[in-house]
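Residue numbers (my numbering): 164 to 452.
Right, one structure below, let's go through it.
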Amino acid sequence: MCVIIAKPAGIALPSEKELRNCWQRNNDGAGVAWAQNKKVRIEKGFMKLKDLLEFLNSRDWKSYPMLIHLRAATHGAISPHHCHPFPLSTSKEKLMKTKVECGVAVAHNGIFTGYGEKGKGLSDTQEFIQKVLAPLKSQIRKPAFQKLLQEAIRGSKLAFLFSDGDFHLYGEFKKHNGCYFSNGSYEVIPVYHGDWLSYPTDWYPTHKKTVTPEYCDWCGATVVNGMKRNGPKFSYTFCYSCSEEILRKRRRWGKCVFCNREGFLYEVYEGDRDYVCLDCLVQIGSFVE
């Protein structure tokens, strides 16, 4: 899923509880970018929540415009070098750095089809920045380019932070306490019991108290005895209602139009004949409903 947090200058950071909620659903690494003295500084590769919180507690960030990104990886290696945000640059070396200064920082949720190097090379986002966005750097603040980019990214979400503290956000963001979130990962997590409850509850029957709660990979709700589904590469847990939604989208066996892996294929857009595997559906599903 991933989550982007855009914090304008003069706004407090999200609470620790909200950051913990975000991490519970997106714990494959985190990064921070902030505008200071006409530059954007990026520091990332926080692979443990305590390291991210320690960094965020190291100073008073209220006066700084910031991007915070917490990653849930589906494409690309899980490593500090693949954490967002990234500099708007054509340099592979700069895109891989965990500490860098730049003019513009970029964070992304979603999939850029056809981009990304195999193994531990550039992720789809890094390569899209390198080959598409960075060469057009002089155009990115122009209305015509913004309209074109909004169409090109389809259901993805993008955030740009400029050295003057300005933000450009693409896709639907939720405003909460002055910050902008790319999804509801920060929210209090309802609990579902997968055996027989299809509504939120924080009560477990006595004989189920030893079951460890998990998180629905579709809606983020806490699940006890959730429904299990497998993609070509990853396994997922769903609450009952989301499992019904997933099964309704399943169509046939074949190759995913995004990642080219074989598996059961699912419908993204109703009536569209391009089908995707479960791994890709989970990554983009919350953006296209």
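By construction, the Cβ of each residue, glycine as well, lies at the ideal position given by its N, Cα and C atoms.
Under the three-state reduction of DSSP, L230 is assigned to strand.
Between W197 and the set K211, N220, A169 and N184, the nearest pair of CA atoms involves A169.
Counting along the chain, no alpha helix (DSSP H) covers M390; the unbroken beta strand (DSSP E) around it starts and ends at M390 to N393. Of the candidates N272, F401 and R411, F401 places its Cα closest to the Cα of G389. Judged by DSSP secondary structure, Q199 falls within the beta strand (DSSP E) whose first and last residues are A193 to Q199. In this structure the region 210–230 does not touch the region 249–264; the number of beta carbon pairs closer than 8 Å is below three. Taking I274 as reference, the option from F336, G394, L321 and G208 with the minimal CA-CA separation is L321. By the Cβ test, the region 336–345 is in contact with the region 175–187, since at least three Cβ pairs between them sit closer than 8 Å. The three-state secondary structure of R411, taken from DSSP, is helix.
A straight-line Cα-Cα distance of about 44 Å links A307 and V386. Taking every protein chain shown into account, the CB of Q313 has fewer than 16 other CB atoms within 10 angstroms, so this residue is exposed. Secondary structure of E290 (DSSP, three-state): helix.
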